[in-house]
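Asker: Chains as they are written, first to last, in our numbering: chain A, 1 to 599; chain B, 600 to 907.
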Amino acid sequence: MSLEGRGQAAENLAALEDRRLEIENRLRNLFWTVSGDYSLDIRPDAEVFLRSPGLALYDAVKQGAFVSHFDPRALALYTLQKRAKGADEQALTTLTQLCVDAAAYPLASRERRGVGEMRARAFRELLAGGSFRGRPGRLRKCLILRFLGQPAQIPEELLPAVEIIDGLSDARDTDAIIAAIDRLYNSLADSAFEALHGDLKAVRRVTGEELAAFSRNQALSDRQIQQVLDEYLSAAREELLKTGQIRPARREAVRPDDSREEVAPPDPVEAEKVYAFIERQFGKSDLPPEEREKRNRRLCTGIHRGCSLHFTQGVLQNPVLKNTQYLRTQMQSMKNEMYFQMKRQNIQRSVTLLSAMLKQARIQRMDEDAVPSEQGQIVPGRLWEVGRIRDPKLFDREKRRDQADFLVDILLDSSSSQTLRQPQIAAQGYIVSQALSLAGIPHRVCGFCSYWDYTMIHRYRDYDDPIEANRNILQFRAFGENRDALAIRAIREGMLARPEEKKILVLLSDGRPNHLGVRRPGSRHPPAYVGEEAIRDTALEVRKTRSQGIGVLGIFVGGEEDLAAERKIFGKEFIYSRSILSFAHIVGTYLRTLMEDSD
Amino acid sequence: MKQDIHAYLTGQGVSEELIREAAAFRERYPVEPEFAGRVEVPAMPFLGKDTLEMAMAGLLQGENLLLCGGKATGKNVLCQTLSWVFGRPAFDISCHIHTDSASLIGTDTFRDSQVQFRKGPVALCAEAGGFGVLDEINMAKNDAVSVLHAALDHRRRIDVPGYQRIPLHSAARFLATMNLGYAGTRELNEALVSRFLVVDMPPLQKETLEDLLRRYFPDMKDSAREQFSGLFLDLQRKAGNGEISTKALDLRGMIGGIRAIRSGLRPSLAIRMGVLNKSFDSFEKEILEDAANTRIPAGWSREDVFGG
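#1: Does the beta-carbon distance from A/Ser437 to A/Val445 come in below 7 Å?
#2: So which residues on chain B does A/Ser547 lean against when the C-beta distance must stay under 7 Å?
#3: In chain B, which residues lie less than 9 Å from A/Val587 when you measure between Cβ atoms?
#4: Starting from A/Cys446, trace the beta strand (DSSP E) in both directions and tell me its first and last residue.
#5: DSSP three-state label for A/Lys503, please.
#6: Under DSSP, the alpha helix (DSSP H) around B/Asp903 begins and ends at which residues?
#7: Could you tell me if A/Trp384 is buried or exposed, where buried requires 16 or more neighbouring beta carbons within 10 angstroms of its beta carbon?
#8: Step through the CB atoms of chain A and report whether any lies within less than 7 Å of the CB of B/Asn737.
#9: Whole angstroms are fine: how far does the CA of A/Arg20 sit from the CA of A/Arg140?
#10: Should B/Asp821 be labelled buried (16 or more other beta-carbon atoms within 10 Å of its own) or exposed?
#11: What do you reckon, are the CB atoms on B/Glu791 and B/Val746 nearer than 7 Å?
#12: Check each candidate in B/Glu842, B/Gln826, B/His768, B/Leu774 and name the one with the smallest Cα separation from A/Leu540.
#13: For the alpha helix (DSSP H) that contains A/Ile550, what are its first and last residues?
#14: Let me know if A/Gln341 comes out buried or exposed under the rule of 16 or more other beta-carbons within 10 Å of its beta-carbon.
#15: From A/Ala361 to A/Lys503, what distance separates their C-alpha atoms?
#16: Hey, B/Asp734 and B/Thr776 are a contact pair by Cβ (cut 8 Å); roughly how many whole angstroms apart?
#17: Can you have a look at A/Met334 and say buried or exposed, based on whether 16 or more other CB atoms are within 10 angstroms of its CB?
#18: Give every residue of the same chain whose Cβ lies closer than 8 Å to the Cβ of B/Ala891, excluding the five residues on either side of it in the sequence, and list them in chain order.
#19: Determine the chain A residues that contact B/Ile555 at a beta-carbon separation under 7 Å, and present them in chain order.
#20: Can you tell me whether DSSP reads A/Ser191 as helix, strand or coil?
#21: Hey, how far is the Cα of A/Arg483 from the Cα of A/Ser450?
#22: If contact means a Cβ-Cβ distance below 7 Å, which residues of the segment 58–86 of chain A contact chain B?
#23: I believe B/Ser614 touches B/Glu652 by the beta-carbon criterion, under 8 Å. Please report the beta-carbon distance rounded to the nearest angstrom.
#24: Whose CA, out of A/Ala161, A/Lys572, A/Glu194, A/Val320, lies closest to the CA of A/Arg180?
#25: When we look at the beta-carbon of B/Met819 and count the other beta-carbons within 10 Å, is it buried (16 or more) or exposed?
#26: Which value, in whole angstroms, describes the spacing of the CA atoms of A/Pro268 and A/Arg205?
#27: What three-state label does DSSP hand A/Pro423 in the structure shown?
#28: For A/Leu394, return the contacting residues in chain B, with the cut-off set at a CB-CB distance below 7 Å.
#29: Taking a contact to mean a Cβ-Cβ separation below 7 Å, would you say A/Ala356 touches A/Asp396 in this structure?
#30: Under 6 Å Cβ to Cβ from A/Ile65, same chain only, skipping five residues before and after it: list those, please.
#31: What are the boundary residues of the beta strand (DSSP E) that A/Tyr339 is part of?
#32: Taking A/Gly494 as the query, report the chain B residues whose CB atoms sit under 9 Å from its CB, ordered along the chain.
#33: Determine which residues share a DSSP beta bridge with A/Tyr430 and list them.
#34: When DSSP labels each residue in this structure, what does A/Tyr105 get in the three-state scheme?
#35: Which of the three DSSP states, helix, strand or coil, is assigned to B/Met872?
#36: According to DSSP, is A/Leu145 part of a helix, a strand, or is it coil?
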């Protein structure tokens with residue numbers, strides 16, 4: 001690759017990383033628009049979009065139309081069966097893509113008149129950058145040229161194939177598409193296939209064991225066979241529903257399609273033991289069992305299915321018994337307290353400064369300006385104007401700047417990654433909370449961490465708690481992992497139920513949502529929550545929260561290597577702080593700015 | 600678009616009894632000449648039998664109505680239609696964060712060398728026996744709206760400190776609208792809600808939307824009508840699933856855009872102006888554009904939309 005080419009590739013990669021989430025969400029949205037079913041999911045390919053936006057957009061449209069009329073899983077199963085019998089993957093994929101397009105396009109364009117233009121754009125991009133090798137490739141090129149109205153003579157050898165593909169324009173079921181692909185493959189790609197390996201019926205008779213053996217070439221249990229099949233079918237589906245490739249795509253690692261994976265319910269006796277353990281470790285739940293169940297059903301969905309939420313005031317406030325965990329938390333609380341006492345003067349000064357700043361901003365907002373008016377509250381001092389000046393303004397009319405109430409939620413990542421700075425986090429949380437209390441702004445402070453399949457929401461103080469409750473923040477203790485998006489979801493629900501107009505969520509995070517969960521009998525083993533997927537999910541949750549009118553500020557105190565992830569999660573509204581000691585100052589300044597600007 | 604009330608109600612399938620009772624109401628309370636201008640014939644009356652019947656039945660029994668629904672569900676159109684059907688003057692009262700008792704009931708002013716009470720829209724409506732439309736009532740603070748409690752319940756009066764009580768005219772009704780989805784809205788308190796009958800406004804359906812476009816644009820081609828209504832429903836579904844905000848879910852904007860096509864503007868540009876540009880978030884706009892591109896080809900011209 002030339003230097004210039006490498007530069008371009010690097011630029012594309014940077015652009016991709018910056019916009020991956022947006023692009024994927026855009027493609028997913030187009031898929032949903034056409035399929036009309038927002039419960040379905042696809043794995044959009046942002047790289048294709050960067051190389052060829054028209055093609056990626058048309059693929060999303062076509063996939064939406066295809067999944068709403070046909071069965072993509074059945075189609076993928078057939079191609080695996082055919083390949084297990086010895087069919088060539090590339091030729092089979094090309095022919096499948098052609099047939100899928102031939103069946104889906106008429107349906108999509110009948111309903112949506114703009115799809116024709118989108119297809120033409122995709123075809124032009126494909127023509128400019130794609131390769132058309134072999135007879136399936138030549139067939140694709142002929143069909144593209146014909147659709148674009150460009151003069152092209154279809155070779156006689158391809159005429160029957162064109163006829164088969166044209167016949168799919170009124171295909172009603174997946175079997176008709178499979179039959180067409182099979183005929184095309186046997187005539188265009190491998191004319192000896194049927195004689196050697198049997199007809200379509202023989203292909204469809206290939207069993208799960210044979211498929212798994214073909215994929216992995218080793219003995220597998222029934223469950224593993226099903227898993228291998230699911231992995232393949234899920235990955236193949238995306239490939240088969242594409243229109244074509246501009247350049248050979250990088251072969252992606254096949255991942256299990258966990259959107260389909262069921263989370264098995266645990267044994268009730270074991271589950272009870274797990275719950276009892278969680279209560280002993282983190283404190284009794286704030287909620288009655290029925291409400292707990294309701295919230296879990298409501299909030300632990302999608303990627304968080306199989307998880308449970310545990311709302312608690314902590315093991316020191318609400319212990320089941322005074323066990324080792326209680327003592328450790330008590331010890332940490334004492335360390336936090338010692339740090340607090342050591343820094344007492346500094347902390348008090350910070351509280352005073354911060355609360356003064358917030359009070360001033362609040363007072364400015366609540367300021368009432370009175371303007372002279374012809375109606376309103378009479379001002380006796382102006383009565384002399386009657387009969388002496390024209391149009392006297394004897395009244396004052398109040399003009400309030402803004403009476404909107406503010407609500408603030410502080411959510412602290414209390415996973416093990418914060419272990420080294422527990423006293424500092426506790427002190428900074430206290431400073432913000434104390435300042436907000438003094439400024440009369442209702443606020444809640446919570447910590448969150450995950451252990452087994454539970455995500456704990458530890459509430460240190462609630463919105464309407466008295467100022468003394470702020471001292472509970474000194475009970476901060478870091479433990480376990482962190483499933484950020486689920487915590488945000490749980491906190492958001494509480495915020496939305498509040499009557500205040502302006503709501504702000506401040507999240508202290510390390511930029512690494514991470515919850516593998518230890519597999520233990522009685523826990524439900526939710527899907528692992530790590531890496532890109534966890535970052536993407538947290539980012540979507542942050543955006544969803546913002547779209548519901550809640551401002552979200554991320555404060556990042558992790559390592560520089562996680563900065564990119566943090567930027568993905570919070571977009572522009574995040575602040576990187578090398579030291580936790582500036583947390584309170586950052587939050588205070590941010591809130592003041594919001595209060596001053598929110599008109 | 601001159602409409603005949605009886606023909607409209609019959610066309611919507613409203614029961615004969617309700618139509619008769621509404622006619623009797625109009626006869627019992629003829630509109631005073633000074634308020635005649637406030638009884639407007641809607642350019643496009645509300646479409647939807649069940650909602651119309653619920654609202655009419657409630658008003659005939661002397662109740663006030665709270666119309667709850669998302670954007671573009673026709674809350675204000677229904678208010679205007681009801682004012683027309685019952686022949687009562689409409690008083691529009693837009694509620695907002697700064698709404699207070701003075702802006703609703705009234706306040707002092709200086710007239711004829713003395714301090715007098717200057718009536719606000721609620722007081723005027725109460726005296727004239729009008730239909731007071733409290734638009735976006737949940738934008739106002741609960742304490743501001745609490746001055747209406749006595750007007751909305753069985754007492755049917757407004758007490759103004761320092762002045763006489765204002766009794767409500769027996770034809771006066773209050774129609775409040777609310778949309779819980781907007782930023783800045785709040786839930787109403789129980790005391791206020793208990794003074795209304797609540798009508799849930801259903802989201803627009805395909806048939807209603809096509810019917811509406813047919814009435815606005817009788818010469819629009821069927822294929823174009825299908826695409827424009829389809830696009831609106833796509834966006835409605837998208838907003839319902841929280842993928843976009845409701846900014847672009849703007850039926851007025853779409854109708855305005857379609858009107859611009861008559862002047863020769865390309866449909867893809869008209870829809871951009873009327874709908875897509877309502878969102879100022881570039882990312883959201885891309886999603887909207889994609890949805891619009893599947894429906895409205897860039898190559899379409901006026902002739903593809905309007906025929907004959």
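Glycine included, C-beta positions come from ideal geometry on N, C-alpha and C.
Note that the structure is predicted; figures quoted are calculated from it, not measured.
Answerer: So, to answer that:
#1: Locating residue 437 of chain A in the first sequence gives position 437, where the first residue counts as 1. Locating residue 445 of chain A in the first sequence gives position 445, where the first residue counts as 1. No, the pair does not count as a contact, with Cβ atoms beyond the cut-off.
#2: The residue you call residue 547 of chain A lines up with position 547 of the first sequence. Per Cβ cutoff of 7 Å: Gly841, Ser844.
#3: Along the first sequence, one-based indexing puts residue 587 of chain A at 587. For A/Val587, no chain B residue has a C-beta closer than 9 Å to its own C-beta; the minimum C-beta separation is roughly 22 Å.
#4: Here residue 446 of chain A refers to the residue found at position 446 of the first sequence. First-last of the beta strand (DSSP E) with A/Cys446: 443–451.
#5: Counting from 1 along the first sequence, the entry for residue 503 of chain A is found at position 503. Here A/Lys503 sits in strand by DSSP.
#6: Taking the second sequence and counting its residues from 1, the one referred to as residue 903 of chain B is at position 304. That run of the alpha helix (DSSP H) goes 901–904.
#7: Along the first sequence, read from residue 1 onward, the residue named residue 384 of chain A stands at position 384. The residue is exposed, with fewer than 16 neighbouring Cβ atoms inside 10 Å.
#8: Within the second sequence, numbered from 1, the residue matching residue 737 of chain B stands at position 138. Chain A, which has no Cβ nearer than 7 Å to the Cβ of B/Asn737, makes this no.
#9: By 1-based counting over the first sequence, the position of residue 140 of chain A is 140. By 1-based counting over the first sequence, the position of residue 20 of chain A is 20. A/Arg140 and A/Arg20: Cα-Cα distance of roughly 30 Å.
#10: On the second sequence, residue 821 of chain B is found 222 positions in, with the first residue counted as 1. So B/Asp821 ends up on the exposed side.
#11: Sequence index remark: in the second sequence, residue 791 of chain B carries index 192 (1-based). Sequence index remark: in the second sequence, residue 746 of chain B carries index 147 (1-based). Per the sequence shown, the amino acid found at residue 791 of chain B is Leu instead of Glu. No, these two residues do not count as a Cβ contact at 7 Å.
#12: Residue 540 of chain A sits at position 540 when you count from the first residue of the first sequence. From the listed residues B/Glu842, B/Gln826, B/His768, B/Leu774, the smallest Cα separation to A/Leu540 is found for B/Glu842.
#13: By one-based count along the first sequence, residue 550 of chain A stands at place 550. No alpha helix (DSSP H) holds A/Ile550; the beta strand (DSSP E) holding it covers 550–556.
#14: For this step, residue 341 of chain A is matched to residue 341 along the first sequence. Under this definition A/Gln341 is an exposed residue.
#15: Numbered from 1 along the first sequence, position 361 holds the residue referred to as residue 361 of chain A. Numbered from 1 along the first sequence, position 503 holds the residue referred to as residue 503 of chain A. Rounded to whole angstroms, A/Ala361 to A/Lys503 spans 16 Å at the Cα level.
#16: As a first step, residue 734 of chain B must be located in the second sequence, where it is residue number 135. As a first step, residue 776 of chain B must be located in the second sequence, where it is residue number 177. At roughly 5 Å, the Cβ-Cβ gap stays under 8 Å, so B/Asp734 and B/Thr776 are in contact.
#17: As a first step, residue 334 of chain A must be located in the first sequence, where it is residue number 334. When all chains shown are included, A/Met334 counts as exposed.
#18: Within the second sequence, numbered from 1, the residue matching residue 891 of chain B stands at position 292. Once the five neighbours on either side are set aside, the close Cβ partners of B/Ala891 are Leu830, Ser867, Ile870, Arg871, Val874, Leu875.
#19: Here chain B has residues from 600 to 907 only, and residue 555 of chain B is not among them.
#20: Along the first sequence, read from residue 1 onward, the residue named residue 191 of chain A stands at position 191. Residue state, collapsed to three classes: coil.
#21: Here residue 483 of chain A is taken as the residue at index 483 of the first sequence, counted from 1. Here residue 450 of chain A is taken as the residue at index 450 of the first sequence, counted from 1. Looking at the two C-alpha atoms, the distance is approximately 6 Å.
#22: Val61
#23: By 1-based counting over the second sequence, the position of residue 614 of chain B is 15. By 1-based counting over the second sequence, the position of residue 652 of chain B is 53. For B/Ser614 against B/Glu652, the beta-carbon gap comes to about 6 Å, under 8 Å, which counts as contact.
#24: Position 180 of the first sequence, counted from the first residue, corresponds to residue 180 of chain A. Position check: residue 180 of chain A holds Ala in this sequence, whereas Arg was assumed. Minimum Cα distance to A/Ala180 is reached at A/Ala161.
#25: Taking the first residue of the second sequence as 1, we reach residue 819 of chain B at position 220. By the 10 Å Cβ count, B/Met819 comes out buried.
#26: Residue numbering aside, residue 268 of chain A sits at position 268 when the first sequence is read from its first letter. Residue numbering aside, residue 205 of chain A sits at position 205 when the first sequence is read from its first letter. Going from the Cα of A/Pro268 to the Cα of A/Arg205 covers about 41 Å.
#27: Within the first sequence, residue 423 of chain A is the residue found at index 423, counting from 1. It is helical.
#28: Within the first sequence, the letter at position 394 stands for residue 394 of chain A. Those within 7 Å of A/Leu394 in chain B are Phe709.
#29: Position 356 of the first sequence holds residue 356 of chain A. Position 396 of the first sequence holds residue 396 of chain A. In this structure, A/Asp396 does not lie closer than 7 Å to A/Ala356 by Cβ.
#30: Translated into the one-based positions of the first sequence, residue 65 of chain A becomes position 65. Looking at the sequence provided, one finds Ala at residue 65 of chain A rather than Ile. Answer for A/Ala65: Val34, Ala104, Leu107, Ala108, listed in chain order.
#31: As a position in the first sequence, residue 339 of chain A is number 339, starting the count at 1. No beta strand (DSSP E) contains A/Tyr339, which is instead part of the alpha helix (DSSP H) from 324–342.
#32: If you number the first sequence from 1, residue 494 of chain A lands on position 494. Result: empty, since nearest Cβ-Cβ is about 15 Å, beyond 9 Å.
#33: Numbered from its first residue, the first sequence carries residue 430 of chain A at position 430. Paired residue(s): none; A/Tyr430 is not in a bridge.
#34: Counting from one through the first sequence, the residue named residue 105 of chain A turns up at place 105. A/Tyr105 carries a helical assignment under DSSP once its states are collapsed to helix, strand and coil.
#35: Sequence index remark: in the second sequence, residue 872 of chain B carries index 273 (1-based). If DSSP states are grouped into helix, strand and coil, B/Met872 belongs with the helices.
#36: Locating residue 145 of chain A in the first sequence gives position 145, where the first residue counts as 1. A/Leu145 falls in the helix class under three-state DSSP.
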